[in-house]
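Enquirer:
Residue numbers (the numbering used here), protein chains in the order written: chain G, 29 to 475; chain B, 436 to 921.
1) Can you look up residue 116 of chain G in the DSSP assignment and give me helix, strand or coil?
2) Just confirm the distance between the C-beta atoms of residue 7 of chain G and residue 71 of chain G, as a whole number of angstroms; I'd bet it's less than 8 Å.
3) With the cut-off set at 7 Å, would you say residue 411 of chain G and residue 179 of chain G are in Cβ contact?
4) Counting C-beta neighbours from all protein chains within 10 Å, is the total for residue 867 of chain B 16 or more, i.e. buried, or is it exposed?
5) Is the number of C-beta pairs between the region 675 to 684 of chain B and the region 655 to 662 of chain B that are closer than 8 Å three or more?
6) Counting only Cβ pairs nearer than 7 Å, list the residues of chain B close to residue 337 of chain G.
7) Taking the straight line between their C-alpha atoms, what separation do you get for residue 815 of chain B and residue 201 of chain G?
8) Between the beta-carbon of residue 326 of chain G and the beta-carbon of residue 258 of chain G, is there less than 7 Å?
9) For residue 907 of chain B, decide whether its Cβ has a neighbour in chain G, counting only Cβ atoms nearer than 7 Å.
10) Using a Cβ-Cβ cut-off of less than 7 Å, list which residues of the region 300 to 320 of chain G approach chain B; keep chain order.
11) Quick one: what's got a C-beta closer than 8 Å to residue 403 of chain G's C-beta in the same chain, skipping five residues either side?
12) When the cut-off is 7 Å and only beta carbons count, does residue 295 of chain G lie next to chain B?
13) With DSSP as the reference, identify every bridge partner of residue 449 of chain G, one or two as the case may be.
14) Measuring only the C-alpha atoms, how far is residue 354 of chain G from residue 330 of chain G?
15) Rounding to the nearest angstrom, what Cα-Cα distance links residue 467 of chain B and residue 640 of chain B in this structure?
16) Could you work out which residue in G:226, G:53, G:67, G:363 is closest to residue 87 of chain G when comparing CA atoms only?
17) Any beta carbon of chain G sitting closer than 7 Å to that of residue 816 of chain B?
18) Taking just the CA atoms, how far does residue 148 of chain G sit from residue 49 of chain G?
19) Taking Cβ to Cβ, would you say residue 610 of chain B is nearer than 7 Å to residue 878 of chain B?
20) For chain G, is any of its Cβ atoms less than 7 Å away from the one on residue 823 of chain B?
21) Starting from residue 170 of chain G, follow its DSSP beta bridges and name the residues at the other end.
22) Cα-Cα, which of B:870, B:544, B:490, B:518 is closest to residue 769 of chain B?
23) Closer than 7 Å by C-beta to residue 873 of chain B: which residues in its own chain qualify, once you throw out the five before and the five after it? Chain order, please.
24) Under a Cβ-count criterion, where at least 16 other Cβ atoms within 10 Å of its own Cβ denotes burial, should residue 409 of chain G be classed as buried or exposed?
25) Check the Cβ-Cβ distances between residue 298 of chain G and every residue of chain B, and say whether any is below 7 Å.
26) Taking residue 385 of chain G as the reference, which of G:120, G:142, G:210 has the closest Cα?
27) Whole angstroms is fine: what's the gap from residue 66 of chain G's alpha carbon to residue 32 of chain G's?
28) Output needed for residue 453 of chain G: all residues of its chain with C-beta closer than 7 Å, excluding positions within five of it in sequence on either side, in chain order.
29) Give every residue of the same chain whose Cβ lies closer than 7 Å to the Cβ of residue 566 of chain B, excluding the five residues on either side of it in the sequence, and list them in chain order.
30) Pull up the CB-CB distance for residue 504 of chain B and residue 592 of chain B, whole angstroms please, since I reckon it's below 8 Å.
31) Can you give the Cα-Cα distance for residue 29 of chain G and residue 91 of chain G, rounded to whole angstroms?
32) Cα-Cα, which of G:357, G:424, G:361 is closest to residue 377 of chain G?
33) In whole angstroms, give me the CA-to-CA distance for residue 441 of chain B and residue 513 of chain B.
34) I need the straight-line Cα distance from residue 456 of chain G to residue 817 of chain B, nearest angstrom please.
35) By the DSSP assignment, the alpha helix (DSSP H) with residue 473 of chain B in it spans what residues?
36) Could you name the residues that DSSP lists as bridge partners for residue 682 of chain B?
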């Protein structure tokens, strides 16, 4: 496949590195000094503007199969997609970072028509949504939703007193509609069976319908947690922080504080948010954090656009006693480091966006939904071919280290047990360890 | 300030105001009160004539300066009240009482200096109602609506007179806005006339009372106000229309245009409804010894709370005789007033809402010194200068109230009379307690007190700063009007 990437920044580089082994990549950037970074990769680097038809012709846009615009400027991205479409590229992906365009009448559909953009990726918005999901599941370390919210995946660490550690899984009688798809013990992922017995310190992955999952959550922690508003502190009111604050401000059961250093931005936040308390100051100012008693927060979200400051603010929060800390990481390379020094959840907006594009290109029939535990496990969605012979799950031998977590059949969601059948045209939500993804794809993808 | 320009503009208003004096002349003619016919016709002719003389140096009003706008508005209200007072003098009031009565009418206060209603003809009471009705939506607004060539100047005048710190225009052109508001106002008045006649009130009384209700005025042709009709249905109808008169007319207009959410979405209206609800509940509890029957008690509580809050000043009972805790509720309501853009007077609910929020935010600021805490109304941030204007308004309001109270009590009134007479006049409410209660009158006060209270009504109606700004010496540095350079 021939792919043209406009913009040699963080996203452009990550995409090139992931895709250059199997595909022909041309990177276009106005800044010639970026070229150095790409010299170790097998890519063509063109210096010039993505909005110049002449530059795009030099990159042979008419012979390309995919066009990705990921500069830091929304307008440049949109215009270059429109020009490339006019010059004959079949598919375009456009990165945006502001909501100016998402708000237009007709939404994504109108943007597609007017600018010839097939897919809009808005990493900051996706990140804000993801952080909100994690906050909305108190006690959970991580949370994902699939199938438009009809299926939920939560990650928990079991405490010593948890009722789930009292018996083997089969004897726990979890409600129908909820399934423990995996257990992580001592860095190894394991698919539990009926006779598996959970123990304190295990990380469990719980999948199911929102109702059923809601019934299980109280059983995970032994002591009944009293229902009070979660105190959430957001450090940084930029694109991600503002969006997240808007969503949490509207949610009940959340008491919100936002710390922003730019006075004008702070005024905008205070004007827009209805309930939240906006504080003017630096998130790394210990005196401010102490006088506002930030240590009392249930969740601290640090989303400044600067990894060093984020890390520092998060560590200050940890030392003040904040229970859960979610931090934005701009450079995907820092992800592991952050989690190693004690940040509960480190998230990279661009990293997730890059992952989803790579998967879109290489995935085929299977569609990647989420990557868990730094790539040790994935959630994939697989379309069962029309010629598939219907069989009950217990009669099938799927690859090891994988489990069908949910079956989407039309508008129905089935959280399967042994006797449930897999039928043609079903879509399966499968949890699989990284090494078995390919095998899972082959197994369910063939008749 | 160009005096000639100001005088000629006021003269234009006076000419048209003269025409309004013909309406009571017709009523007097119908009822055969010949002395009053001549009084009204003569006053009308006089007003037109004086207006014509003032108009002698005719100036186009297209580059009005701010100070001239204020002077025109304040001067018009003062001069028109003098013109309106002439028939009262003919009818037997002394000049000070007559100007008090006409200012009370135009500013929709409803405080009276008439000792015995039997001394006056029906035309006179009709004229009191007409002054209410013209003043209720604002004389300038009326002129802006009907006079074709007021031009750009009309816009400044309209807002200098407008009630409350809002500038919600319904249409891009100020003339259309003024017309729309007057149409709603006239329509509601007609509706109340029909309703009152339907429950058995005579047509003449229905018209007078309806005009006094929609204007949030309070002059009734009956000496005992609404109480005198002994008609509970009429009282309920009046309660509903008083409540409507105390709400923002722009919201009435938008509701009639099909925006059904206009009222419930408006924060000031919600506060208005909440204040009415709480005060009615309090009165229902406190009035148990006064009115044993529950349905009567609810009606009187609602009538009196809404009448005082909207600054109408009608009475369904002699509330000056109520127990102290009930009177305290009414006294508190006197300091709140109606909604901005309504016919009601007082400091306006929106200002009180803003002051309350500002105060509460200061409490929060003590705890969070680094917090960004803007005052918001309807989801939007209130700019600092608007907030400062509101606070300054309220300070001046209290200052005028205190000054008036001191003077009125210095000239012999007891404390309750002095306090309630001052707030009732400054807030354009009408009756107070004790000597100036709803069944009493202001005639026995010292003449100096009456002059001060007349000024208080004027200052209160024009929202204090419009008038007080004219005290500044630079206002009176006159500059000659020059023909524009072409």
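Each residue gets a CB set at the ideal place from its N, CA and C atoms; glycine is no exception.
Quick caveat, the model's predicted, so the values are computed rather than measured.
Expert: Taking the coordinates as given:
1) coil
2) The requested residue 7 of chain G does not occur in the structure, where chain G is confined to residues 29 to 475.
3) no
4) buried
5) no
6) Those do not exist, as residue 337 of chain G stays about 18 Å from chain B at its closest Cβ, beyond 7 Å.
7) 52 Å
8) yes
9) No - not a single Cβ of chain G is within 7 Å of the one on residue 907 of chain B.
10) 305, 306, 307, 308, 309, 316, 320
11) For residue 403 of chain G, where only same-chain residues beyond five positions count, the Cβ hits under 8 Å are 462.
12) yes
13) G:420
14) 6 Å
15) 17 Å
16) That would be G:53, whose Cα lies nearest to the Cα of residue 87 of chain G.
17) yes
18) 25 Å
19) no
20) By the rule that beta-carbons nearer than 7 Å mark a contact, residue 823 of chain B does not touch chain G.
21) Beta-bridge annotation (DSSP): residue 170 of chain G is paired with G:183.
22) B:544
23) Only 660, 750, 753, 754, 755, 866 meet the Cβ criterion.
24) Counting Cβ neighbours within 10 Å, residue 409 of chain G comes out buried, since at least 16 surround it.
25) yes
26) G:120
27) 14 Å
28) 412, 414
29) 519, 537, 540, 541
30) 6 Å
31) 10 Å
32) Of G:357, G:424, G:361, the smallest CA-CA separation from residue 377 of chain G is found for G:357.
33) 13 Å
34) For residue 456 of chain G and residue 817 of chain B, the distance between alpha carbons rounds to 53 Å.
35) 469 to 489
36) Paired residues: none, contrary to the question.
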